[in-house]
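**Student:** According to the working numbering, the sequence shown holds residues 1039 to 1296 in order.
Virtual Cβ for every residue (Gly too), placed ideally from N, Cα, C.
The structure's right below; bear with me while I get my questions together.
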Amino acid sequence: MAPYLARIDLYPVKSLDGVTVKAATVLASGALRHDRAFALVDQAGRFVNGKRFASIHRVRSRFSDDFSQISLWMDNSAPAAFHLRDETTGLERWFSDYFQRPVTLQHNGELGFPDDTDSPGPTVISTATVQTVADWYGLSLEESRRRFRTNLEIAGVPAFWEDQLFSESGEPVPFQIGAVTFLGINPCQRCIVPTRDAETGEAIAGFQKTFSQRRAETLPEGVARSRFNHFYRLAVNTRRLPNSGDQPLAIGDSVSLA
């Protein structure tokens, strides 16, 4: 079976729930439209995210089809709905009350708020990789997806197929999804978030140690091992070719090395 794009996940507000879509637009910056377009920040300008606050995992969110509105709730509480551009005061108050500190909402529609600002393109992984990692911990495929929060999932390939999308020399590796040419840059360094249950924030003891051991053991032959200063890395960070306009991606698009 030839490789193809099997899943697209967007995360409209950094650290909140994702949205699975059938198609997305790759912006000139390389980011996917609506992905991490909003972020919560504190008074010091630091992200209010899963790295700093495990309690954010308990917040559920749902977005309107055009991504203009968000509904927020916890456990069995009634959802509170807000417009992401026109009703930010109420939304900020909701999160400020929840975190017991002033929280504001920021927006960047062109680049978003990626962790890696040098490589702001979508993160890429194979479905087989997500399943393999899930099996290491006895997790469901969906729970593994929610922990690692990757944008583009490739099917029709074996586990860790994406590890060929970066090079020993550090030179970008071009590859194509549909009509869009991306550049694979490096294996994505993971944070504390994947160690935690995506709904409760409860952590798996020894998660990172187990992951690093299994990752080193299963690294495919020929992969640029020198790019791993540690093995707590999964998925690939990307850029896109410069001087390109907005381009579409859709489920079923073919995937190939350029």
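Consult DSSP for residue 1213 and reduce its assignment to one of helix, strand or coil.
**Tutor:** Strand, per DSSP.
**Student:** Given residue 1144, which residues of its chain have a CB within under 6 angstroms of its CB, disregarding the five upstream and five downstream residues?
**Tutor:** The residues are 1077 and 1079.
**Student:** Do you know offhand how far residue 1146's Cα is from residue 1075's?
**Tutor:** Each residue's alpha carbon lies about 5 angstroms from the other.
**Student:** Should the region 1264-1273 be called in touch with the region 1247-1255, which here means at least 3 C-beta pairs below 8 angstroms?
**Tutor:** Verdict: yes, contact present.
**Student:** Apart from the five residues just before and just after residue 1200, which ones in its own chain have a Cβ nearer than 6 angstroms to its Cβ?
**Tutor:** Contacts found: 1162, 1163, 1164 and 1274.
**Student:** I need the boundaries of the beta strand (DSSP E) containing residue 1191, first residue and last residue.
**Tutor:** Note, residue 1191: beta strand (DSSP E), 1190-1193.
**Student:** Fully enclosed by the region 1151-1176, which alpha helix (DSSP H) runs are 4 residues long or longer?
**Tutor:** Runs of the alpha helix (DSSP H) inside the region 1151-1176: 1165-1175.
**Student:** Could you compute how far the alpha carbon of residue 1187 sits from the alpha carbon of residue 1226?
**Tutor:** Their backbone Cα atoms lie some 11 angstroms apart in a straight line.
**Student:** Do you know how far the Cα of residue 1290 is from the Cα of residue 1040?
**Tutor:** Answer to the nearest angstrom: the Cα atoms are 11 angstroms apart.
**Student:** If you draw a straight line from the C-alpha of residue 1238 to the C-alpha of residue 1281, how long is it?
**Tutor:** Their Cα atoms are separated by approximately 42 angstroms.
**Student:** Closer than 7 angstroms by C-beta to residue 1092: which residues in its own chain qualify, once you throw out the five before and the five after it? Chain order, please.
**Tutor:** Around residue 1092: 1234 and 1239.
**Student:** Rank 1191, 1286 and 1115 by C-alpha distance to the C-alpha of residue 1044 and give the top, closest one.
**Tutor:** Checking every option, the nearest Cα to that of residue 1044 belongs to 1191.
**Student:** Taking C-alpha atoms, which residue in 1166, 1217 and 1184 lies nearest to residue 1231?
**Tutor:** Ranking 1166, 1217 and 1184 by Cα distance to residue 1231 puts 1184 first.
**Student:** Note down, in chain order, each residue of its chain lying with its Cβ closer than 8 angstroms to the Cβ of residue 1096, except the 5 sequence neighbours on either side.
**Tutor:** Excluding residues within five positions, the ones whose Cβ falls inside 8 angstroms are 1112, 1113, 1237, 1238 and 1239.
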